[in-house]
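Asks: Which chain is which? The protein sequence lines are A and B, in order. Heads up, the first sequence is in my numbering, so the first residue is 1 and it goes up one at a time. Heads up, the second sequence is in my numbering, so the first residue is 1001 and it goes up one at a time. Here a beta-carbon is modelled for each residue, glycine too, at the ideal position from N, C-alpha and C.
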Amino acid sequence: MSHFRLFVLVFFVIGLTCPAWAQEKFTINGTIKDNSNGEALIGVTVYVREISNGTTTNEYGFYSITLPKGTYTVDYSYVGFQTVSRTVVLDKNVQQPIELVPEASQLQEVVVKGEIEQANVENLEMSTNKLEIKTILRTPMLFGEADLLRSLQLLPGVSTVGEGASGFNVRGGNVGQNLILLDEAPVYNSSHLFGFFSVFNPDAVKDTKLYKGAIPSRYGGRLASILDVRMKEGNSKKFEVTGGIGTVFSRLAVEGPIVKDKASFIIAARRSYIDVLARPFVPILENGGALNFYDLTLKTNYDINRRNKIYLSGYFGRDVFRFDKTQGFNWGNATATLRWNHLFNERLFLNVTGVYADYDYALQFGKDERDRFSWNSSITSYIFRPQFTYFIDSRNELTFGADATYYSFIPANAEGVTNGDVVEISLGRKYNLETSVYAGNAQKISEKLSIEYGLRYSYFQYLGPGTEYIYGDTIPGLRKPVIGSKTYGSGEVIAQYGNFEPRFSFRVQAGQRASIKGSYNRMAQYLHLISNTTASNPLDVWNPTSNNIKPQLADQFTLGYFRDLTEDKKYEFSAEAYYRTTQNQIDYIDGADLLINQYLEGDLLSGIGRAYGLELYVQKKTGRLNGWVSYTLGRSELKVDGINGGQWYETRFNQLHNLKLAAFYDLTSRWQVSANFIFTSGTPTTFPTSRFTQQGILIPYNAFESRNNVHMPDYHRLDISFRLEGKKVKKNGKERKNSDYWVFSLYNVYARRNPFSIYFSQTDQRTPAGQAITSQATQLSIIGTIVPSVSYNFKF
Amino acid sequence: MKTSKHSYLLLIFASSLFYSCEDVIDPTLQSADPVVVVDAWINNLPGAQTITLTWTQPYFESQIPPAITGATVSVSDDQGKNFLFIENVTKPGHYEWSPSGADTLRVGGKYWLTVITDSDTFQAQSYMGRVPAIDSITYEEDENIATGDPIVRAEFWATDPVGTGDAYWIRSFKNGVPLLKPGEINIAFDAGVSIGGPTDGVMFVAPVRRRINAVDRDEDDQLLSPIENGDSMHVQIHSLTVAAFTYLNEVSIQTNRPGGFAELFATPLANVSTNILNLNTNGRKAVGFFNVSAVSAAGKRYVE
């Protein structure tokens, strides 16, 4: 454990370099909330005029700033809220909780927040995107339903292989390289209905932040990105019901105070009913078939006192597909998060989080007890995470803490019954412990230069009971033979790995309105999403690092230029370049057997990867017409012995060009129109060159043995939606208590048949012996038409 | 993939609820030099055994593949016997041999194939695995899961012998016509469907027993009843080597593309393996497979 000792040393060095405590200093701190509903506000700018410097509120709305004795003027500002200024006489520690009042015209503020007042230019952060729930609600969407992950795909550096694909890709990383956190609980599958919707209920989401690079040391575990979704706490002032009735599903959320200003709750639910509506027309549904999803999101919190606050949140969601009463499959996530905020003193903030997170799926086939097959698989994790923030002074904010995650995997728990005989084909469970310690400091060196540096040490153990398999060498690309195995007892360590993950970023002010930022980060990933299908799907299994599967590692460098184009900061421009190299990337032998396979690791190949690109982004943040244009030029490749002759090949989700345009326009006080347009280069696929037959079956053949040797046609799509706000006043002139709005949307306006895949097959007719078989290529579009929809949404 | 046969059922039904569409397209493909194709699946059934030699052809060239004529084709066994396959003068590229007397293929025997073309010598090896007898074939009345229409399905019954590592290709014939659509490839590893999860020494699992049926559709893309009154089914179980099982599994993955939502579960196009090796490792490549099977068979006519 010499690694660990070194880490502790580094930790202390960071601690010691922090500025001295000698001068008499006092602290202003407090929690900043939304005056209308009591929700804590994340990322509020706290600006001290006298020092031309400040801080922002953390994930719990808390801020703390320590200054020499004196009198100061502090501005509290947040997009969509009226700025509050307070004069503070600092001759002792001052508690200054603030409630900000929303601006009356807040509906016009549709922004992907780059922190409008503390704009991107001035912020140390880079490669991050915040997505306001208001923006999500106004983006035109499939079936008219606001969706977090689909809105996310409009941002630079984020892409997907198309409709029907679960998850999303960030800067050329695969779907399994994103860590998706819902109130700090990992979500192992973020999709409902094969990616058409995400598991996040917009009624219950407060804040969303995507880290694509410059990832702070407190985050780890995935290579490409961290998506941090925070739930609402629930209105602590008054009861509120929001909901919507749409084409595919309906939603309802109730929130309100338990003890006014002390404790509140929110409970939000969704249920799709496409199968209920279709039942009379589809015999399979009449016979007990089903096709639906539902989810439930809950949160409650209690303000014990100024120093202590607890939060409890949970999510439960499920997708159900059944062919009849007994056959089908279902999958879903369940998470629970318990958090305790504690203020040790005015400057030391602690959050302790305990998480339970589970993803599982189950399948069952067979109509009777004599012949059936059932199978389930799951990943369960228990997380303990203390995190300290030490607000040292106005120039330094130190974050340090630890993470421990215990994983229990059930790769397959399967039972077959054939003609009454029961056959067990379950695979052994796997147990793992992932621990990490980290420290990071955000430091303002001068008005022109800020830096953030941190270090994370992660450590992964594959624990018994379990069996370690040893595989022999073979020609790369072929199944590796098992040449030995060793059994371990409970708690014994089968394999272990440790990795240092340094993180560094800087910002240099370049003139009044521009800044240059750069970063380097190393990430380690110990869980691997095993998927060799065209798009990720719910049956993909997570597999832990083992003696055969090494941890994935990534090194990313970014460099960016940020500029306010106009004096009033209405227009913002950014350009960011990234370069990432990865190690121990997984690919698969041809014909790999990934499901219920004890010797799965013999079917995996390992290689290296690289991804690089340039992201350009222009945003107009306010006004009747606002929105953004995002363009990404990128490339993502892998090099794996045994695939493509050992040469570099493009990943399945590589897109050279990725252009996105989002526009929002207020037609009248009640009508708003939104549009988005997407253009992406066709993703790579493999075409055959030749064909041959074996025993009357036509087989495609690529004489060059290449992978992803061609590109599918380009993808482009226009979506438009109209939103009609309900009347604000009643006929008798009184103001309405309730508010409501309609959304009419058109997805894929010009009905382009965007390709999802192109596949090669023989035609379906039976070919008589001695005659030639006809071959063909077919292009599949998951959404091949215009999809109109309407939804009604209300709040009272 | 184990789930493919189930998932495509689901997906056919799911796709009817969405907005997917498919277009037959005509993309330009890279051109490539032809490669030797060896189609060498022989067995211990009485009568002539055939090995065919052809060239690969451009993917969209929907014609009888060009034959390789004038080659020398022979199979030798572990008892020192050598069986020479002679080219059929009326069928170019077809090389035939008929067992006679003591010159037969045996369960447990090891076999080597040698193919000599004008410039290359290819070799492959196989063994003849054991095969269980078919107890019976039955017919069951059921209903079409998508339409609710009555259908009749055939099922065969046989038990895998105890001991792991047996592999089979169940080949079926409806009214004498071999069922060879990609979706009709029916292979078993022991009594189950894959190597990964052993299911040994029991009755073949239900998906294997029932996958002998013809998969045909009407103009509305609805599955037709596999069996009508008076139809007859003939079922053969062919033993496979483990390598041949893997090969056919790959063939099934690469060729069985029902389209629609099943594409979400489809794997990228890749070449299937081969056991045909050029003795000169720098020489031309070949594709195809050599397998020697023992065969058990049964048949039955359906009468209402």
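Report, in whole angstroms, the separation of the C-beta atoms of Q1125 (chain B) and K1110 (chain B), which I expect to be a contact under 8 Å.
Replies: 7 Å
Asks: So for N644 (chain A), helix, strand or coil by DSSP?
Replies: helix
Asks: Could you check whether K570 (chain A) and K620 (chain A) sit closer than 8 Å to each other, using their CB atoms as the reference points?
Replies: yes
Asks: Near A214 (chain A), which residues of its chain fall below 8 Å by C-beta distance, leaving aside the five closest residues on each side in sequence?
Replies: E125, M126, S127, T128, E452, R503, S505, K517, S519, N521 and T558
Asks: What three-state label does DSSP hand Y1302 (chain B) in the structure shown?
Replies: Looking at Y1302 (chain B) - three-state DSSP - the assignment turns out to be coil, as it is neither helix nor strand.
Asks: Return the residue from the list B:I1116, B:L1029, B:D1039 and B:W1097 that minimises the CA-CA distance to A1071 (chain B).
Replies: B:I1116
Asks: Please list the residues of the segment 1216-1247 of chain B that have a C-beta atom closer than 9 Å to any C-beta atom in chain A, keeping them in chain order.
Replies: D1216, R1217, T1246 and Y1247
Asks: Would you decide whether H657 (chain A) is buried or exposed? Buried here means 16 or more other CB atoms lie within 10 Å of its CB.
Replies: exposed
Asks: Where DSSP assigns a beta bridge to M523 (chain A), which residues make up the other side?
Replies: For M523 (chain A), which the question treats as bridged, DSSP gives the partners A:A554.
Asks: Give me the residue from A:F329, A:L149, A:I586 and A:Y76 with the minimum Cα distance to L529 (chain A).
Replies: A:I586
Asks: For the segment 407-421 of chain A, list every residue whose C-beta sits within 9 Å of some C-beta in chain B, in sequence order.
Replies: The residues in question are A412, A414, G416, V417, T418, N419, G420 and D421.
Asks: Over what stretch of residues does the beta strand (DSSP E) that includes Y747 (chain A) continue unbroken?
Replies: If you look at Y747 (chain A), you'll find it in the beta strand (DSSP E) that goes S739 to Y747.
Asks: Among B:T1054, B:E1061, B:K1081 and B:G1129, which residue has its Cα nearest to the Cα of Y1095 (chain B)?
Replies: B:T1054
Asks: So, using beta-carbon positions, are K206 (chain A) and R230 (chain A) closer together than 8 Å?
Replies: Cβ atoms of K206 (chain A) and R230 (chain A): closer than 8 Å.
Asks: Which residue wins for smallest C-alpha separation from S1074 (chain B), given the options B:I1042, B:P1027 and B:D1231?
Replies: Ranking the options by Cα distance to S1074 (chain B), first place goes to B:I1042.
Asks: In chain order, what are the residue ranges of uninterrupted beta strand (DSSP E) at least 3 long that sit wholly in the segment 147-193 of chain A?
Replies: 178-182
Asks: Do S757 (chain A) and E1263 (chain B) have their C-beta atoms within less than 8 Å of each other?
Replies: When the beta-carbon positions are compared, S757 (chain A) and E1263 (chain B) come within less than 8 Å of each other.
Asks: Give the interface partners of E1263 (chain B) over in chain A, defined as CB-CB distance under 7 Å, in chain order.
Replies: Chain A residues near E1263 (chain B): T534, F756, S757, Y759 and L780.
Asks: Check whether the segment 64-78 of chain A touches the segment 402-422 of chain A, counting contact only when three or more Cβ pairs, one atom from each stretch, lie closer than 8 Å.
Replies: Counting C-beta pairs with one atom in each stretch, the segment 64-78 of chain A and the segment 402-422 of chain A have fewer than three that are closer than 8 Å, which means they do not touch.
Asks: With C-beta atoms as the reference, is D360 (chain A) less than 8 Å away from N419 (chain A)?
Replies: no
Asks: Could you name each continuous beta strand (DSSP E) segment of 3 residues or more that falls completely within the segment 32-99 of chain A, going from the start of the chain to the end?
Replies: 45-48, 53-56, 62-68, 70-77 and 84-90
Asks: Using a Cβ-Cβ cut-off of 6 Å (strictly less than) and excluding sequence neighbours within five positions of T1050 (chain B), which residues of its own chain qualify?
Replies: H1094 and E1096
Asks: Let me make sure I understand the geometry here. Which of A:F26, A:N53 and A:T135 has the alpha-carbon closest to that of V861 (chain A)?
Replies: Outside the shown range of chain A, which is 1 to 796, sits residue 861 (chain A), and nothing can be said about it.
Asks: Please check if any C-beta of chain A sits within less than 8 Å of the C-beta of Y1095 (chain B).
Replies: It does not; no Cβ of chain A falls within 8 Å.
Asks: Anything in chain B within Cβ reach of G784 (chain A), meaning under 9 Å, just list it in chain order.
Replies: Y1019, S1020, C1021, E1022 and D1023
Asks: Taking a Cβ distance cut-off of 8 Å, strictly less, list which residues of the segment 696-729 of chain A are near chain B, in chain order.
Replies: G696, I697, L698, I699, P700, Y701, N702, A703, F704, E705, R707, N708, N709 and V710
Asks: Contact criterion: CB-CB distance below 8 Å. Does I773 (chain A) meet it with respect to chain B?
Replies: Yes, I773 (chain A) counts as interfacial toward chain B.
Asks: Suppose the cutoff is 6 Å on Cβ atoms and the five residues either side in sequence are ignored; what does the same chain contact list for Q118 (chain A) look like?
Replies: Confidence at Q118 (chain A) is low in this model, with a pLDDT of 45, below 50, so the placement of that residue should be treated as unreliable; the coordinate-derived value is given next. So the qualifying residues of the chain are T45.
Asks: Taking C-beta pairs closer than 8 Å, name the residues in chain A that E1250 (chain B) reaches, listed in chain order.
Replies: D590 and G591
Asks: Between A:T208, A:L338 and A:Q765, which has its C-alpha nearest I180 (chain A)'s C-alpha?
Replies: Taking only the C-alpha atoms, the option nearest I180 (chain A) is A:T208.
Asks: Which class does T399 (chain A) belong to by DSSP, given the choice of helix, strand or coil?
Replies: If DSSP states are grouped into helix, strand and coil, T399 (chain A) belongs with the strands.
Asks: In this structure, does DSSP put G511 (chain A) in helix, strand or coil?
Replies: coil
Asks: Kindly indicate which three-state DSSP category V112 (chain A) falls into: helix, strand or coil?
Replies: Confidence is the limiting factor: at V112 (chain A) the pLDDT is only 43, short of 50, which leaves the residue's position unreliable, though a coordinate-based value still follows. It is coil, neither helix nor strand.
Asks: In three-state terms, what does DSSP make of R670 (chain A)?
Replies: coil
Asks: With a threshold of 8 Å, are at least 3 pairs of Cβ atoms found where one atom belongs to the segment 779-787 of chain A and the other to the segment 743-752 of chain A?
Replies: yes
Asks: DSSP three-state call for F1265 (chain B): helix, strand or coil?
Replies: helix
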